[in-house]
Amino acid sequence: QVRFVESGGGLVQPGGSLRLSCAASGTIFSAYAMDWYRQAPGKQRELVAAIQSSGNTNYADSVKGRFTISRDNAKNTVYLQMNSLKPEDTAVYYCHTRRAPYDYWGQGTQVTVSS
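Under this note's numbering, the first residue of the sequence shown carries the number 188, and numbering increases by one thereafter.
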């Protein structure tokens, strides 16, 4: 069974930075794509960034140039470096992977950007 433990969320001022981590277990981590999603209050969950097993990445337009997704296969961990944070980045952030037909989610970590 795939399990994730997320960490790194918190309260930060606009313009600040945070790094989220998602440690995986119960899976051949290196073989699969990993994603970060977020969900703000009253909004649908949205894809923020994805990294393929090859290392190729893609990002939502709203975070391009500010966020960087990376992975360390030796540590079974995926990261999301978030810079130049804005109040509209406030949300619960989830790591995710898909093993068709199943989706696996972390428990979520709260990121709040406020002065």
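We treat Cβ as the ideally placed atom computed from N, Cα and C, and that holds for glycine.
- Beyond the five residues adjoining it in sequence on each side, Ser240 comes within less than 8 Å, by CB distance, of Ser217, Ala218, Tyr219, Ala220 in the same chain, given in chain order.
- Residue range 190-194 is occupied by the beta strand (DSSP E) that includes Ser194.
- Counted as a single uninterrupted DSSP element, the beta strand (DSSP E) harbouring Tyr224 occupies residues 221-226.
- In the DSSP assignment, Asn245 falls within the unbroken beta strand (DSSP E) covering 244-246.
- Contact between the stretch 278-292 and the stretch 248-256 is absent: fewer than three C-beta pairs spanning the two stretches fall below 8 Å.
- A direct Cα-Cα distance of roughly 19 Å separates Asn245 from Trp292.
- Per DSSP, Phe216 has no beta bridge partner at all.
- Straight through space, the alpha carbons of Gln268 and Ser204 are spaced by roughly 8 Å.
- For a cut-off of 8 Å, the C-beta gap from Ile238 to Val199 is around 23 Å, too long to register as a contact.
- Under the DSSP assignment, Thr277 falls outside any beta strand (DSSP E); it carries neither an H nor an E label.
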